[in-house]
Amino acid sequence: MSEPAGIGPITVKKRRGGETALYGLIYLLSAGILVMVLYFVIYILTRGIPAVTPAFLTTAPNPIEKTVGIFPSLVNTLYIIFFSLLIAVPFGVGGAIYLNEYAKHRRLTALIEFAAGVLSGIPSILYGIFGYVFFCLLLDLKVSLLAGVLTLTIMVLPIILRTTQEALRTVPVSYREGALGLGAAKWHMIRTLLLPCSLKGVLAGVILSIGRMVSESAALLLVAGGSAMYMPAGSLFDQLASSGSTLSVELYRYAYSRGDNETAFGIAAVLLFIVITLNILTRLVARRLTATGH
Amino acid sequence: MKKTTGILLALLALTAALLFTACGATDAGTPTPPAAADVPPSSPPAAPPADGTPAEDDTPAPPLSGVVKTGGSTSVETVMNALIFQFQADNTGVTVDYEMNGSGDGIKNTISGLYEIGHSSRELKSDGSEDGLDAIAYAIDGIAVVANLENTVSDLTKDQLLGIYTGAVSNWQDVGGPDAPITVVTREPGSGTRSAFAEIIGLEKDDTPIAADASVVDSTGAVQTTVSQNPNAIGYMSFSDVDDTKVNAVPYEGVAISTDTLKSGDYLLKREFYLLTRTGAALSPAAQAFTDFVLGADGQRIVADNKLLPIR
Amino acid sequence: MSRRRRKPNRPRTSGPAGAGPSARPVGAVRRAGAPVERAMHGLFLLCGLLAVAAVLFMAVYMVASGGPVIAKVGPGPFLLGQTWDPERAQFGILPMILASLAATLGAVLVALPAGILSAVFLAKLAPPRIAAALRALIDLLAGIPSVVYGLLGALLIAPAIFRLQTVLGLPTRGSLLAAILLLVIMILPTIISVSESAIRSVPAPYEDAALALGSTRLQSLFKVTVPAARSGIAAGAVLGTGRAIGEAMAVIMVAGNAAILPELLKPVRLLTASIPLEWAYSGGLHREALYGIGLTLFVFIMIINIVLNHMIKKGGVSLDV
């Protein structure tokens, strides 16, 4: 940690006016942020909730009757989340175990951690281009939910990796030594001791990843397509192989491309509800983590 | 520790269960064979096809099946979604997949065979780069010049529009409107609407580029939204999507846009919508049925219902 | 949250090279099935390398897709050209580069001081309950999807700027200012939470010493604590810069998207905006030019990442966002 190099000669003389002004600014600013967030939430909910009817949530749009519904995009969103996690969780957890339990070379560890850092810093629009060029064109998956799944898998991988790593770090060395000392093989020790102990970290990562995927729009617009007019049809593979948009992409379409603010706010309210739920879950998991951390 | 782990495990299980049931529900609901009534949560998703719309009397006897891959223009979105919806309601075994990625991709991907049917809102280029396709026009679309509802401008001529879009005319006063600077809204380069509009009024020739500071939006609806939210804006968009509670369609050369003036030929800003197929390639029965449907009485009625001019 | 827990625990837990091989009772492992052990080791290594592979693949494919157009148009005309007119094959992206830099810089310049002040409030001045409530709201702000911000920006920010433009006799339209304001709101949570954790991690004796020397609470906070936390705060600023420069969908909805040199009250098009905006109808060289924009953005982001990585290593900062 750096030393307090910034300490200048501290003037003992009190500058009351300046102090008060600074206090005022700090309180005003913090109150401002508080009011702003509350205003956003209330604004979205009051404009959005009237649109959120049971039919809105459970039907597909009907362009003949001119009714809207978000069921297909809801399903697309769930597909993307479920299948991305299905791939990202094992790889993320495995990577974290490698980093924490196996890696001996500092260089390699640093390289993997740097790569994970880079992945989490890359903006989603670039994931979109990469996903399009690599998955849609090169692997010939076309613009499809499957291409969306694979693109988002890479996007959430570093999240799972990091939270799992942090959970693994909280497992005391003595546990490991105890298990190994009793003659357990390393993989056995990982399976029976570390994996259960890191479950909460994985869970935290899963929740954060869901948040990220629910919010995602730019990348999916390019790789998974921008429409959710009807339910995906056919076998599961057919469904994943066809294009489709998630809630956030549909929100962009309704708000901007279709200019239907009523529906857009309806979707925004649904998204806000999901985000708030995820935030509460994160808090719960974090509390459990700290409670059992030592 | 045990207890909290238990709670967390339960949470995880719940999440997983939710995910699975959601997926399960769609799995049960989506295979489209006639027994569509067994969708677990509620039947609305499957109901509309079942309880009939006017067009189910002429459904052919042999049931069609399969997926028809189509894609292209976003300008045709509204009418195409309605056409596909009705067609799928009439032929429950068929899925018509419609990727909205613009006329350019629609043309390219139909040539390459990725799409059986492409959608285009512009004519095929005659420079050889887009050979090998048949373009079947199925609707005529008016291009409406739209202004904010508060705007009092009553008519715009070709030259006035050209002046506005090149930036030579910058105040509404100069074209019979209020004293306010004009906010020019245009579509992104490559858009079918933009190229048709530019072609007709003589814009985007070497000496008439679109003003560099014009706001650019990427879809028909975005033009409407931008213009509706901005008192000084002008835009152009597909007539089929004009909502007159949001924007004002300004008469062009003294003629107001309507299906009548489009039909009579008095309104001059218009273009055609096309289905594209590969020249000489036989369509699958389902794709052929879809093409016939679009050009048939029911399809053309839906075309007319969406403020487009039927071609037949 | 976790970073508070992590520091004190670290010495007791195994680091990457900790209790691994050396602590292993060798005989037991050998008997328990070395092939399985080796297989699992390999499998975990593979998982770890996936992230590295992903970054490599991304770099390779960004260059492979974005490189050709830069070669065809020429790096000079592409990066420094002032006209973006794909219909006439003019692909100059300088206006977008400058717009992205202006919007990002503007947003960070506004959000950084505001973020530091709120972070000081959260970490040191706020009663615990208020701090907890505010923190929860800031987390919520961070979790709101960017398209929702775009919607809010178009309906709440844009009209306010239209009024300003009307007063000044300018055409009412999307603007750099709107983009900056929207980005400020979007990066504020990042800057606040990273700064707060940095401020919290400054040892209490620093501040106590300053207080004992007779300085006021605020003096000790701003002359001792905040400067001591500067590397963490800087990392937050860099992270915020990365977020701002990469944001696409929300900004499209308020910026007007004209590819002209940036001015505060005129429309601007950010690098990110061109890609989704023109994606649908682009083909041939036009599409390649969008890949080229992607590559340019990728280079910017990599620079930011390397700077950030350097800061984390040097400053011992942990980023929990």
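Protein chains in written order, with the working numbering: chain Y, 594 to 887; chain G, 3 to 314; chain D, 7 to 327. All residues carry an ideal CB built from backbone N, CA and C; glycine is no exception.
Over what stretch of residues does the beta strand (DSSP E) that includes residue i continue unbroken?
i                : result
Ala137 (chain G) : Leu135 to Asn150
Val645 (chain Y) : That residue, Val645 (chain Y), is in no beta strand (DSSP E); it is neither H nor E in DSSP.
Met102 (chain G) : Val96 to Met102
His781 (chain Y) : Taken as a continuous stretch (DSSP letters only), His781 (chain Y) belongs to no beta strand (DSSP E), being part of the alpha helix (DSSP H) at Lys779 to Met782.
Glu274 (chain G) : Lys272 to Arg280
Can you tell me the Cα-Cα spacing of residue i and residue j, whole angstroms?
i                : j                : result
Pro312 (chain G) : Val69 (chain G)  : 26 Å
Thr76 (chain G)  : Asp107 (chain G) : 11 Å
His121 (chain G) : Ala137 (chain G) : 9 Å
Thr94 (chain G)  : Ser286 (chain G) : 16 Å
Ala234 (chain D) : Gly710 (chain Y) : 24 Å
Ala125 (chain D) : Leu118 (chain D) : 10 Å
Ala708 (chain Y) : Leu813 (chain Y) : 22 Å
Ala148 (chain D) : Leu631 (chain Y) : 13 Å
Val749 (chain Y) : Val742 (chain Y) : 11 Å
Val766 (chain Y) : Asn693 (chain Y) : 11 Å
Leu270 (chain D) : Pro165 (chain D) : 15 Å
Ala214 (chain G) : Asn263 (chain D) : 10 Å
Tyr695 (chain Y) : Ile715 (chain Y) : 28 Å
Thr744 (chain Y) : Phe858 (chain Y) : 27 Å
For residue i, which residues of its own chain have a beta-carbon under 8 Å away from its beta-carbon, when the five flanking residues on both sides are left out?
i                : result
Val764 (chain Y) : Leu786, Leu787, Cys790 and Ser791
Asp99 (chain G)  : Val69, Val70, Lys71, Thr72 and Gly73
Grab the span of the alpha helix (DSSP H) containing residue i for me, first residue to last.
i                : result
Asp92 (chain G)  : Glu79 to Asp92
Ala224 (chain G) : Thr222 to Gln231
Asn669 (chain Y) : Phe664 to Ile690
Leu796 (chain Y) : Leu788 to Ser808
Contact criterion: CB-CB distance below 8 Å. Does residue i meet it with respect to chain G?
i                : result
Lys272 (chain D) : yes
Pro83 (chain D)  : no
Arg179 (chain D) : yes
Phe97 (chain D)  : no
Asn315 (chain D) : no
Lys142 (chain D) : The identity of residue 142 (chain D) in the sequence shown is Ala, whereas the question assumes Lys. It does not: the Cβ of Ala142 (chain D) has no partner Cβ on chain G nearer than 8 Å.
Taking 8 Å as the threshold (beta carbon to beta carbon), is residue i in contact with chain Y?
i                : result
Thr210 (chain G) : no
Pro282 (chain D) : yes
Thr222 (chain D) : yes
Phe168 (chain D) : no
His47 (chain D)  : yes
Asn15 (chain D)  : Note that Asn15 (chain D) scores a pLDDT of 39, beneath 50, so its modelled location is shaky; the value from the coordinates is reported in the next line. For Asn15 (chain D), the answer is yes, since a Cβ of chain Y falls inside 8 Å of its Cβ.
By alpha-carbon positions, which one of the options ends up nearest to residue i?
i                : options                                   : result
Tyr140 (chain G) : G:Gln302, G:Glu190, G:Asp307 and G:Asn308 : G:Gln302
Ala648 (chain Y) : Y:Leu667, Y:Arg640 and Y:Pro683           : Y:Leu667
Ile860 (chain Y) : Y:Ser623, Y:Ile637 and Y:Val630           : Y:Ile637
Leu734 (chain Y) : Y:Val816, Y:Gly611 and Y:Val842           : Y:Val816
Gly48 (chain D)  : Y:Ile753, Y:Gly687, Y:Thr875 and Y:Ile867 : Y:Gly687
Gly73 (chain G)  : G:Lys309, G:Gln290, G:Leu278 and G:Gln90  : G:Leu278
Phe675 (chain Y) : Y:Val645, Y:Thr839 and Y:Ala778           : Y:Thr839
Phe50 (chain D)  : Y:Ile718, Y:Arg784, Y:Val634 and Y:Ile869 : Y:Arg784
Val148 (chain G) : G:Asn234, G:Glu132, G:Thr261 and G:Leu85  : G:Asn234
Ala210 (chain D) : D:Leu188, D:Ala295, D:Lys130 and D:Val58  : D:Lys130
Ile86 (chain G)  : Y:Lys793, Y:Met822, Y:Lys697 and Y:Pro665 : Y:Met822
Does the distance between the C-beta of residue i and the nearest non-hydrogen atom of the ligand COA fall short of 7 Å?
i                : result
Ile680 (chain Y) : No copy of the ligand COA occurs in the structure displayed, which carries no ligand at all.
Can you list, in chain order, the residues of its chain with a C-beta nearer than 6 Å to that of residue i? Leave out the 5 residues immediately preceding and following it.
i                : result
Val261 (chain D) : It should be noted that the sequence gives Ala, not Val, for residue 261 (chain D). The answer, listed in chain order, is Gly180, Ala185 and Val274.
Arg266 (chain D) : The identity of residue 266 (chain D) in the sequence shown is Ile, whereas the question assumes Arg. Counting only Cβ-Cβ distances below 6 Å, and skipping sequence neighbours, we find Pro101.
Val736 (chain Y) : Cys729, Gly818 and Ser836
Note down, in chain order, each residue of its chain lying with its Cβ closer than 7 Å to the Cβ of residue i, except the 5 sequence neighbours on either side.
i                : result
Asp243 (chain G) : Thr80, Thr222, Gly223 and Gln226
Ala740 (chain Y) : Gly724, Phe728, Cys729, Leu734, Val816 and Ala817
Ile800 (chain Y) : Leu871, Leu874, Thr875 and Val878
Ser226 (chain D) : Glu213, Ala216 and Leu217
Ala862 (chain Y) : Ile637, Leu638, Gly641, Ile642 and Val645
Asp268 (chain G) : Val257
For residue i, would you say it is in contact with chain A, using Cβ-to-Cβ distances shorter than 8 Å as the test?
i                : result
Gly827 (chain Y) : Annotation note: the requested chain A is absent from the structure, which comprises protein chains Y, G and D.
For residue i and chain D, any beta-carbon pair shorter than 8 Å?
i                : result
Val868 (chain Y) : yes
Pro183 (chain G) : yes
Pro597 (chain Y) : Per-residue confidence for Pro597 (chain Y) stands at a pLDDT of 46, beneath the threshold of 50, marking its modelled position as unreliable; the derived number appears in the next sentence. True, the Cβ-Cβ gap to chain D drops below 8 Å.
Ser143 (chain G) : The sequence as given places Asp at residue 143 (chain G); Ser does not occur at that position. So no, Asp143 (chain G) is outside the interface.
Thr110 (chain G) : First, the residue type needs correcting, since residue 110 (chain G) is Lys and not Thr in the sequence shown. Closer than 8 Å to some Cβ of chain D, the Cβ of Lys110 (chain G) qualifies, so yes.
Ile635 (chain Y) : no
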